[in-house]
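Numbering (full-length UniProt numbering), first residue to last: 1 to 130. The C-beta atom is built at its ideal place from N, Cα and C for all residues, glycine as well. Notes follow the structure.
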């Protein structure tokens, strides 16, 4: 497995000299545990997750309308996850809407986006583990 080039992967411009040195050394020392950008992200079925709810009625929240500028980014990210086997097509009884929010620019200054899921309706009927 190739080590990633940490200096090109993270932003350290906001750190002082000692902090930069400490972070870069730590990342270099443990570079083998970071995902290489060229590695395909996969899933695991080792653990089955269960969310206990107050009743069996599925939460089905309508999708949000997106500004046109977000649609292509959403399509790109969802297509990549579909092609990489991270997600699969389904028609589930449970659904929560997705949204896209800006992330900080990457080390090269390129704007990035993150898909987030609004689980408020599910959270409202979730029984805590405590």
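Q) Do three or more CB pairs link the segment 72-81 to the segment 22-38 at distances below 8 Å? A) Per the Cβ contact rule, the segment 72-81 is not in contact with the segment 22-38 (fewer than 3 Cβ pairs under 8 Å).
(Q) Please state whether the Cβ-Cβ distance between residue 97 and residue 63 is less than 7 Å. (A) Yes. Within cutoff.
Q | residue 118 versus residue 55: straight-line alpha-carbon distance, rounded | A | Residue 118 and residue 55 have their alpha carbons spaced roughly 20 Å apart.
Q) Could you give the C-beta distance for residue 126 and residue 51, rounded to a whole number, given that I count them as a contact under 8 Å? A) So it is a contact: roughly 6 Å between Cβ atoms.
Q: May I ask which residues mark the beginning and end of the alpha helix (DSSP H) holding residue 69?
A: 68-83 is the span of the alpha helix (DSSP H), which, as asked, contains residue 69.
**Q.** Residue nearest to residue 83 in terms of C-alpha spacing, selected from 103, 43, 11, 107
**A.** For residue 83, the nearest C-alpha among the options comes from 43.
Q) Can you tell which of 112, 123, 27 has the C-alpha that lies nearest to the C-alpha of residue 73? A) Selection 112, 123, 27 evaluated against residue 73 yields 112 as nearest (Cα-Cα).
Q. Is the CB-CB distance between residue 104 and residue 114 below 7 Å?
A. Going by C-beta atoms, residue 104 is not nearer than 7 Å to residue 114.
(Q) Suppose the cutoff is 8 Å on Cβ atoms and the five residues either side in sequence are ignored; what does the same chain contact list for residue 121 look like? (A) Answer for residue 121: 59, 61, 96, listed in chain order.
Q) What is the C-beta distance between residue 8 and residue 107, in whole angstroms, given that I count them as a contact (C-beta under 8 Å)? A) Right, their Cβ atoms sit about 6 Å apart.
Q.
If you follow the alpha helix (DSSP H) that residue 23 is in, where does it begin and where does it stop?
A. Note, residue 23: alpha helix (DSSP H), 17-29.
Q: Within the same chain, show all residues whose beta-carbon is closer than 6 Å to that of residue 101, passing over the 5 residues directly before and after it, in chain order.
A: So the list reads 114, 116, once near-sequence residues are dropped.
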